[in-house]
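K.L.:
Chains as they are written, first to last, in our numbering: chain A, 1248 to 1477; chain B, 43 to 300; chain C, 43 to 300; chain D, 15 to 275; chain E, 11 to 233. One structure, as structure tokens, below. Some questions next.
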Amino acid sequence: MLFGYEWDLSSPLAFAISILPILLTGLVVTIQAATLGFAVALVLGLVWAVLKAVPSPFISWPAKVVTEFIRDTPLLVQLFFLYYVLPEYGIVLPAFMTGALALGIQYSAYTAEVYRGGLEAVGTDQREAARALNLSPARTFTHIIVPQAIPRIIPAMGNYLVSIMKDVPILSVVTVLEVLNVAKIVGDRTFDYLIPLSMVGGIYLILTLVASAGVRLLDSWLPKQGIPLK
Amino acid sequence: MTQDIIHFDKVVKRFGDLTVLNNLDFSVKRGEKVSIIGPSGSGKSTVLRILMTLEGIEGGKVTVDDEPLWHEQAADGTLKAASEAHLRKMRAKLGMVFQHFNLFPHMSVMRNITEAPVKVLGLSKAEARQRGEELLDLVGLADQAQKYPGQLSGGQKQRVGIARALAMRPSILLFDEPTSALDPELVGEVLNVIGKLADEHDLTMLLVTHEMRFAREISDRVCFFDRGKIREEGTPEELFTDPSEERTREFLSAVLDG
Amino acid sequence: MTQDIIHFDKVVKRFGDLTVLNNLDFSVKRGEKVSIIGPSGSGKSTVLRILMTLEGIEGGKVTVDDEPLWHEQAADGTLKAASEAHLRKMRAKLGMVFQHFNLFPHMSVMRNITEAPVKVLGLSKAEARQRGEELLDLVGLADQAQKYPGQLSGGQKQRVGIARALAMRPSILLFDEPTSALDPELVGEVLNVIGKLADEHDLTMLLVTHEMRFAREISDRVCFFDRGKIREEGTPEELFTDPSEERTREFLSAVLDG
Amino acid sequence: ASLAEIQESGTVRIAVANEIPYGYVDPTGEALGAGPDVAKAIMETLGVENIEWVTTNFSSLIPGLQADRFDMVAAEMAILPDRCQQVLFSEPNSSYGEGLLVASGNPKDIHAYEDFAQNPDLRVAIMAGADQLEMMQELGVDEANLVTIAANADAISTVSTGRADAYAATSLTASGLASQSDAVEVAGAFTDPIIGGEEVRSWGGFTFASGNEELRDAVNAALADFKQTDAWAETLSGYGFTQADLDGSSARTTEELCASS
Amino acid sequence: MHWTEYFGPLSEGAWVTIQLTGYSTILGAILAFAAGIGRLSPNLGVRSLAIAYIEVFRGTSLLVQLFWLYFALPLAGMAIGVDLRLPPIVAGVLALSLNIGAYGAEVVRGAIQSVHKDQHEAARALNFSPRQTLWNVTIPQAVPEMMPSFGNLAVQNLKDTALVSLISLGDLAFRAEQIRNFTQDSTTIYSMLLVTYFGMALVLTALMRTLEFYAGRWRTARS
Ligand SMILES: Nc1ncnc2c1ncn2[C@@H]1O[C@H](COP(=O)(O)OP(=O)(O)OP(=O)(O)O)[C@@H](O)[C@H]1O
Ligand SMILES: Nc1ncnc2c1ncn2[C@@H]1O[C@H](COP(=O)(O)OP(=O)(O)OP(=O)(O)O)[C@@H](O)[C@H]1O
Ligand SMILES: [Mg+2]
Ligand SMILES: [Mg+2]
């Protein structure tokens, strides 16, 4: 029994059907962790992108080193670091929060690049036209650059959301009961890993195929030139 | 107040090791229409971009309307590098039409024209819209106000570019090869609009172009640029029919044949 | 064995809805040098590409050296679509020089020329290299054998392209606008090499070109293509000095002025 | 591998789950603990010179045996009916009672497993695959209050940071962990859980893949002899087993343990 | 235990990590080429197989794949009477390379498709067989195109090796866990671990850049 659901070992099919609700509770956690991690990555990535673009090397250079460091070290180790080291300094986050934070930090290094690429893809000629019209730098950024960068940024971000989802199982090592961990526990208890783990594979395949199709659809819906304001 | 609305005094402009303008002296009178011609890389665009404050200068002084452009008077009377506020004030005197139009692709034609007047000049939306309609009428696009730039032909785009620059009521209008990115059959409509402007307004116009026939028609004066200097200047007749410099002759024979 | 080395018999070629060749009849004699001229989109390249087996046909029959090109004899004597083996055999008779040279950028000039003889004809490396040296000598590039295409000028690249095609010892050589991607000052060197080939070899040559003077010099016959048909053909003198069709006259006057 | 193959090659692969004091590997690669030390003595008797130690997660021990990743487990795994259906157990090598690891000062005042059933605000950590899970379920503890950790070593951090209020493990594990850190301690005045009318006591033995009866029988024979010696008692008490634990180890047979419930 | 004593076990783990990265990157590259080329094959069977492989391994989580190979595959093997009990090192290398190979396949496919159609026509006119065209013309030109992406994938692969510690393979992350087990000295051990991975990634990046330079020498050859 797990989460109040019994399983039925009478036949492989009955077993698979009986553990599906259990796995789906895990899937909910997976999606929650991915969503929260993605939100962190979106915000933190923007911070990195802005810091890296600051003209002063005293700010941009450390930001570059830090993001490179984040990008070049394994999520698993970063997760362990946050989970075991932060409490030594009095910061105790629940496992789920720590996991989402780790996902967010790891992916912020990637989303920062997406922001940078999206903003840089809006050519200098647009900045110059805005300047010639005496638009203020702030207005140029919010009303000229950003609306044109968004359609380039959104699909790339969508792809990272799919990637984050695939990294959520790593959170199982810090007791987060996402779908893989749930399947593993079912396996530990029934000594049958084949069915639960294969089901997790299948669930993931469906999830990512659907999500990727969604991203492609979104991409085709977005106007190519920019998001018209109003 | 002198007659000159634009004055370059020994202006030096470098890109890294490359000196693009080398002690350039150059001036334009109020209301004058001046064409700049010359080989590629001779610094023609650079002159316009310095005026539009898109590029800084390394030496000398530029004056617009008797005020230094890239400098301002410090409290103690000496000149110091211009502040952004000073540049904003000066920039209001100038408008620019770009080679590649540089319209905002995410805004409708009308929004392209009204955005800056509303946000920068503080016009009401209604005023800006009315002025926009007049200008679109002027450039012959009254019926295209609600389209997006992506839906227009090159010639139409450039005419929107001209309307957008005019909407800011500049006293000087800069054109950087306004027709060279257009298909040949679209060049005429844009030149027509520019010609109309030249005839009907007392705007000061500074025009970089490769359209020799057109330069000849509309200009009060033509300047031949070569390697960051004015090699020769004069009325269109003088320059086109009887250039005094060998270099000018060479250039003209090459472009008029081509 | 007939005199014709190439024979198009009511050939039909379509791209989707567009019929590019419409019952084309056309033939070339052994050793003949034929130029194809005509407006853009008239199907000139398509003829060469069908011969080189880069495009299939939708109707009619093409014969090369008295053998069907796009068909082969089935066991029961009927014609069926050509197999890849048949195409390979037929392709060995033809060589092609492309407008954009299409050299292999990752191979040295010598390897560009020797790769196919070694891999396809089975020559030894030494043989292929010797033949390569002779050919580079012929096209005047004996000293460039070790360079990569990226290090050559356009005219040099095209001469390598010619040497590469010749290295396969084709009996028919096809040229698709071999000079139109070149800067004007480089055209001469390529035309020289082609002229030399035309004079000294008994190769059959089929040449699509916009160089009218050159077509006149080297061709035994000139064909004027228009909308997928041969509108008029004849010796260069006939066609260039006294075309009988109005359409030909128009075309010639347009290109000879330009 | 079968007994014959092991004796032929002179090498046996034995797994531990890195649990102090049952079976663990120190950073130099030396295997220590009640299981490994006894296994070493047994292998010497059986004439196997070479032992390859494998460290793995507790929950991977049974799958590992089934997948032939090692020949034997020396983790003092509790002999339980469910497990008997999957693998073979030797006769008990040790017996041990339960314990609880709590944060220093025992702020939540926890003294028994039953506390978690009675107070739904308390969260208890257990190790993945360990038998404390069954006990908690028998006692009616809410699943939502169980925190499953992957290894013993994570317990200190889990408990000291308040991610769980206690860690339920055997008394030896709890005291071993308590000695490693000042942030945690063993819950005092602990009462063993009573399940099915009996105080819980576990019997640990060596574990083998099903079908490998020969190896098990050989180990059983050597173990029976070794348990008669002082060396056995010294080894176990050296790791903190009490006299009651030592006496208790012979109180049940594997057959009884596998059949019960 | 003093922190300097961590170096011994950590360097043993680092060596395992390096080997894992090396083997799985090479095997992954082979799989990437096979599947990338297979995806473009005119043969429907080959193409479907390649697409299925790519989608399955890109569409599921690496950790799920790893656990499946390690825990579930032996049971599947038992069910059909085949011994599929892979040793951890084999399961680890296999999972890593299958995963990275699926991502690499898309890179290979993209690079092959980026080779201009002109090149295929020239090869055809010279009577190269399709196979000769692929190996002598297309792939040599596609390789420099792939190298930057392969560099990123190699670093990704290095990072992913940390996951094999979860199936008890004695890599760098596993050794670190073992030490933490003993000393509970999380800050030091994880800091050392992060820095070591970072250092290895920098070296790997430099290595891939060098390789990229050699693969694309003809591209930089300009007059
Ligand atoms: N941002 C820049 N950085 C470096 N060099 C520049 C830059 N902008 C212009 N240049 C160089 O300055 C020189 C003059 O450029 P400019 O654009 O003024 O020439 P131009 O006369 O307008 O030529 P064209 O007719 O080709 O537009 C050229 O050699 C150009 O390469
Ligand atoms: N692959 C293709 N798909 C669709 N249409 C094609 C294709 N190749 C050629 N065409 C069309 O076929 C017609 C004839 O093309 P072809 O290249 O033979 O013309 P051409 O006489 O060589 O012209 P040019 O002088 O411009 O090279 C053109 O209208 C062209 O657009
Ligand atoms: Mg210019
Ligand atoms: Mg053509």
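Ideal Cβ placement from N, Cα and C applies to all residues, glycine included.
Nearest-angstrom Cα distance between Asp244/B and Ile1392/A?
P.N.:
About 34 Å.
K.L.:
In this structure, how does DSSP classify Lys122/D when only helix, strand and coil are distinguished?
P.N.:
Correct three-state label for Lys122/D: coil.
K.L.:
CB of Val297/C to nearest heavy atom of ligand 2: below 7 Å?
P.N.:
No, since every heavy atom of ligand 2 falls outside the 7 Å radius drawn around the Cβ of Val297/C.
K.L.:
Is any beta-carbon of chain A found at less than 8 Å from that of Val30/D?
P.N.:
Not one chain A Cβ lies under 8 Å of Val30/D.
K.L.:
Ligand 1: which residues have Cβ under 5 Å from any of its heavy atoms, chain order?
P.N.:
Spelled out in chain order, the answer is Phe57/B, Val62/B, Ser82/B, Gly83/B, Ser84/B, Gly85/B, Lys86/B, Ser87/B and Thr88/B.
K.L.:
Identify each residue in the stretch 127 to 145 of chain E for which the Cβ-Cβ distance to at least one residue of chain C is less than 7 Å, and report them in chain order.
P.N.:
Against chain C - using a Cβ distance shorter than 7 Å - the residues of the stretch 127 to 145 of chain E are Asp128, Gln129, Glu131, Ala132, Arg134, Ala135, Leu136, Asn137, Phe138 and Gln142.
K.L.:
Beta-carbon of Gln100/D versus every beta-carbon of chain A: anything under 8 Å?
P.N.:
Chain A, which has a Cβ nearer than 8 Å to the Cβ of Gln100/D, makes this yes.
K.L.:
Counting C-beta neighbours from all protein chains within 10 Å, is the total for Phe1262/A 16 or more, i.e. buried, or is it exposed?
P.N.:
Result: buried.
K.L.:
With DSSP collapsed to three states, give me the class of Gly196/C.
P.N.:
Reduced to three states, the DSSP call for Gly196/C is helix.
K.L.:
What does Arg177/D reach in chain A if we use C-beta pairs closer than 8 Å?
P.N.:
Within chain A, the residues near Arg177/D are Val1339, Pro1341, Ala1342 and Thr1422.
K.L.:
State yes or no: is the beta carbon of Gly69/E nearer than 8 Å to at least one beta carbon in chain A?
P.N.:
Yes, Gly69/E lies at the interface with chain A (some Cβ there is under 8 Å from its Cβ).
K.L.:
Would you identify the three-state DSSP class for Ala144/D, choosing helix, strand or coil?
P.N.:
Here Ala144/D sits in coil by DSSP.
K.L.:
Which partner residues of Met1404/A appear in the DSSP bridge assignment?
P.N.:
Answer is none; Met1404/A lacks a bridge partner.
K.L.:
Tell me, please, whether the stretch 199 to 210 of chain C touches the stretch 232 to 250 of chain C by the rule of three or more beta-carbon pairs shorter than 8 Å.
P.N.:
Yes: the two stretches touch, three or more of their Cβ pairs being nearer than 8 Å.
K.L.:
Below 8 Å between beta carbons: does that hold for Thr268/D and Pro95/D?
P.N.:
No. Outside cutoff.
K.L.:
Any heavy atom of ligand 4 within a distance shorter than 7 Å of the CB on Val139/C?
P.N.:
Because no heavy atom of ligand 4 lies under 7 Å away, the Cβ of Val139/C does not count as near it: no.
K.L.:
Extract the residue ranges of the alpha helix (DSSP H) inside the stretch 140 to 187 of chain C, only unbroken runs of 4 or more that lie entirely within it.
P.N.:
DSSP runs (the alpha helix (DSSP H)) wholly in the stretch 140 to 187 of chain C: 151 to 158 and 167 to 180.
K.L.:
Near Lys167/C, what residues of its chain come up, given a Cβ to Cβ distance below 8 Å and the 5 sequence neighbours on each side ignored?
P.N.:
The residues are Thr156 and Val160.
K.L.:
What residues from the stretch 1367 to 1397 of chain A come within 7 Å of chain B, judged by C-beta to C-beta, listed N to C?
P.N.:
So the list reads Asp1372, Gln1373, Glu1375, Ala1376, Arg1378, Ala1379, Leu1380, Asn1381, Leu1382, Arg1386, Ile1391, Pro1394 and Gln1395, given in the order they occur along the chain.
K.L.:
List the residues of chain A whose Cβ lies closer than 7 Å to the Cβ of Gln20/E, in chain order.
P.N.:
In the sequence on display, residue 20/E carries Leu and not Gln. Simply none; closest approach about 12 Å.
K.L.:
Run down chain D in chain order and give the residues with a C-beta less than 9 Å from the C-beta of Phe81/E.
P.N.:
What Phe81/E touches in chain D: Ser74, Pro77 and Ala81.
K.L.:
So, is the C-beta of Lys1299/A closer than 8 Å to a C-beta in chain G?
P.N.:
The structure shown contains no chain G; the protein chains it does contain are A, B, C, D and E.
K.L.:
Would Leu1249/A pass as an interface residue toward chain D - the criterion being a Cβ-Cβ separation below 8 Å?
P.N.:
Yes, contact with chain D.
K.L.:
Is it buried or exposed for Asn53/E, if we count other Cβ within 10 angstroms and need 16 for buried?
P.N.:
Result: exposed.
K.L.:
Compare the beta carbon distance of Phe255/D and Ser104/D with 8 Å and say whether it is the shorter of the two.
P.N.:
Going by C-beta atoms, Phe255/D is not nearer than 8 Å to Ser104/D.
K.L.:
My assumption, with CB atoms under 8 Å, is that Leu191/D sits in contact with Asn166/D. Please give the rounded CB distance.
P.N.:
About 7 Å separates the two Cβ atoms, so the contact holds.
K.L.:
Indicate whether at least one CB of chain A lies closer than 8 Å to the CB of Ser147/B.
P.N.:
The amino acid occupying residue 147/B in the given sequence is Pro; Ser does not appear at that position. Judged by the 8 Å Cβ criterion, Pro147/B is in contact with chain A.
K.L.:
In chain E, which residues lie with their C-beta within 9 Å of the C-beta of Lys140/C?
P.N.:
What sits at residue 140/C in the sequence shown is Phe, not Lys. Here the neighbours are Asp128, Glu131, Ala132 and Ala135.
K.L.:
DSSP three-state label for Arg273/B, please.
P.N.:
Three-state DSSP puts Arg273/B in a strand.
K.L.:
Given this structure, state the Cα-to-Cα distance separating Glu176/B from Leu1380/A, to the nearest angstrom.
P.N.:
Between Glu176/B and Leu1380/A, the C-alpha separation is close to 19 Å.
K.L.:
Measure the alpha-carbon distance for Val1462/A versus Leu1293/A and round it to whole angstroms.
P.N.:
Cα to Cα, the separation comes out at about 21 Å.
K.L.:
Within 10 angstroms of its Cβ, does Glu22/D collect 16 or more other Cβ (buried), or is it exposed?
P.N.:
Classification of Glu22/D: exposed, given that the 10 Å Cβ count is below 16.
K.L.:
Please confirm whether Ala203/D has its beta-carbon closer than 8 Å to some beta-carbon of chain E.
P.N.:
No, Ala203/D lies away from the interface with chain E (no Cβ there is under 8 Å from its Cβ).
K.L.:
Looking only at C-alpha atoms, which of Thr105/C, Pro226/C and Leu215/C sits nearest to Ser69/C?
P.N.:
Considering only alpha carbons, the answer is Thr105/C.
K.L.:
So which residues on chain E does Gln194/D lean against when the C-beta distance must stay under 9 Å?
P.N.:
Within chain E, the residues near Gln194/D are Phe192, Thr193 and Gln194.
K.L.:
Report the rounded CA-to-CA distance for Arg263/C versus Gly137/C, giving the unit in angstroms.
P.N.:
Those two C-alpha atoms are separated by around 20 Å.
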